[in-house]
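Reading through the structure tokens given below for one structure.
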Amino acid sequence: TQLLEQSPQFLSIQEGENLTVYCNSSSVFSSLQWYRQEPGEGPVLLVTVVTGGEVKKLKRLTFQFGDARKDSSLHITAAQPGDTGLYLCAGARGTASKLTFGTGTRLQVTL
Amino acid sequence: NAGVTQTPKFRVLKTGQSMTLLCAQDMNHEYMYWYRQDPGMGLRLIHYSVGEGTTAKGEVPDGYNVSRLKKQNFLLGLESAAPSQTSVYFCASGEGGELFFGEGSRLTVL
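Top to bottom, those sequences are chains L and H.
Just so you know, we're using the working numbering here: the first sequence kicks off at 2 and counts up by one.
Just so you know, we're using the working numbering here: the second sequence kicks off at 69 and counts up by one.
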């Protein structure tokens, strides 16, 4: 059973467009992380959100944790080719010794 | 600062062969993890360790064994490889959901 579902699975957009990636679950998480992975490399942590309703910004990326701590979104403003990659959400429950990863959203930004 | 280092990066095995993947971290983390990544399925936890000498099963532990004899090292073993174990394996260390990953080990079982 996949606890975290991401949508869309694939997204191909042109430079300058905006986009939103969603991460949904029926379970409550104590914290939620977003990672980005480039081909041939391991995932790299972008952000952690811990409070329901929390919004964090990282340059052109805006992350939001749902009020009930069951879902999250990642919004990218004015996408650039450097944003291309696989975006993964991951949720921690309880003692947070284990993370559950989402299915991933593969983003391609073209010129 | 090397972070998390995995060896080997690539390996091809025949069905039934055994092998060990080595993970080393230099960040003094207590927690270490082994994940596998398959197309369309994200990352799935195989085994993890909350400290030297301890190991625990994750979501997909069957067919794998692990050992954490030293705090900085976490070994993943395949005793009798099967084609279903063809995957990219990632080691990670860290706590509180904030993990640092290695570059991955691509394993093909023929």
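The beta carbon of each residue, even a glycine, is placed where N, CA and C say it ideally should be.
Query, Result
"Taking only the alpha-carbon atoms, compute the straight-line gap between S28(L) and K71(L) and give it to the nearest angstrom.", "6 Å"
"Which residues bound the beta strand (DSSP E) around G53(L)?", "Careful: G53(L) lies outside any beta strand (DSSP E) and carries neither H nor E."
"What does a CB cutoff of less than 6 Å around T176(H) pick up in its chain, not counting 5 residues either side in sequence?", "V80 and T154"
"Grouping DSSP H, G and I as helix and E and B as strand, with all else coil, what is Q140(H)?", "coil"
"Look up S152(H) in the DSSP assignment and say whether it is helix, strand or coil.", "helix"
"Across which residues does DSSP place E166(H) in a beta bridge pair?", "E163(H)"
"Can you say whether K108(L) is buried or exposed, counting buried as having 16 or more other CB atoms within 10 angstroms of its CB?", "The amino acid occupying residue 108(L) in the given sequence is Leu; Lys does not appear at that position. The residue is buried, with at least 16 neighbouring Cβ atoms inside 10 Å."
"Cβ closer than 8 Å: which chain H residues qualify as neighbours of S32(L)?", "G164 and G165"
"Is the shortest distance between the beta-carbon of P82(L) and the beta-carbons of chain H less than 7 Å?", "no"
"Return the residue from the list K125(H), F169(H), L178(H) and H97(H) that minimises the CA-CA distance to G119(H).", "H97(H)"
"Take Q7(L) as the anchor and find which of V51(L), F30(L) and V22(L) has the nearest alpha-carbon.", "V22(L)"
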